[in-house]
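**Q**
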Amino acid sequence: MANTSKNEQYFWNFLTSIVFIALLMLSIYILSSAGKLPNKISLFDFLILSLAVFRLTHLLVHDLVANFIRDYFAKFHTGISKTISNLLNCHWCVGIWMALIVSFIFFYFAPYSWYLILIIALASLGIFFEIISDRLIK
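Quick note on our numbering: the sequence shown kicks off at 1 and runs consecutively.
1. Return the chain-ordered ranges of every alpha helix (DSSP H) run that is complete within the segment 39 to 72 and spans a minimum of 4 residues.
2. Which residue marks the beginning of the alpha helix (DSSP H) containing Lys82, and which one marks its end?
3. How would you write the range of the alpha helix (DSSP H) that Leu100 sits in, first residue to last?
4. Looking at the structure shown, is Phe11 part of a helix, part of a strand, or coil, going by DSSP?
5. Are there 16 or more other CB atoms within 10 angstroms of the CB of Ala34, so buried, or fewer, so exposed?
6. So, helix, strand or coil for Phe76, using DSSP?
7. For Ala66 and Leu59, what's the separation of their Cα atoms in angstroms?
8. Can you tell me where the alpha helix (DSSP H) holding Ala123 begins and where it ends?
9. State buried or exposed for Met98, treating a residue as buried only when at least 16 other CB atoms are found within 10 Å of its CB.
10. With burial defined as no fewer than 16 other Cβ atoms inside 10 Å of the residue's Cβ, what is the status of Ser164: buried or exposed?
11. Mapping the DSSP letters down to three states, classify Met1 as helix, strand or coil.
12. Whose C-alpha, out of Glu130, Phe54, Ile132 and His91, is nearest the C-alpha of Ile117?
13. Mapping DSSP to helix, strand and coil, what is Lys6?
14. Quick one: what does DSSP say Leu37 is sitting in, helix, strand or coil?
Below, the structure written as structure tokens:
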């Protein structure tokens, strides 16, 4: 019984990996078709995107405001919902999904997306400053 459940979970994990790869390929196709697929990126834009991905990842994996999402999926013990629950508790997993989403939004909706991503990136700097100030006070 446990082995069947484990094999079923492997299937759902594999399927979500396939979905990620398909979305990656689709985003490349869409960006390429729109003439927006970058062949280089400035260091500043890379840092802004990195900070935005960090903030959104932290939001989904750790922040109290997203507890209701994690709690909803935590009650499931099998199937795609269990896979989503596992993903939402993994920085690395959420991080790669956020990198795909943030990058696509940044390039496809540029220049309109830049301001939104800048705001998210600045929020992540706030986290770093909070951590530094907490450590200095202690």
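By construction, the Cβ of each residue, glycine as well, lies at the ideal position given by its N, Cα and C atoms.
**A** On the basis of the coordinates in this document:
1. 43 to 61
2. Gly79 to Leu88
3. His91 to Tyr108
4. helix
5. exposed
6. coil
7. 7 angstroms
8. For Ala123, the enclosing alpha helix (DSSP H) covers residues Tyr112 to Ile137.
9. buried
10. One cannot answer for residue 164 here, as it falls past the ends of the chain, which runs 1 to 138.
11. Confidence in Met1 is poor, its pLDDT being 46 and thus under 50, which makes the residue's placement too unreliable to answer from.
12. Phe54
13. helix
14. Three-state DSSP puts Leu37 in coil, outside helix and strand.
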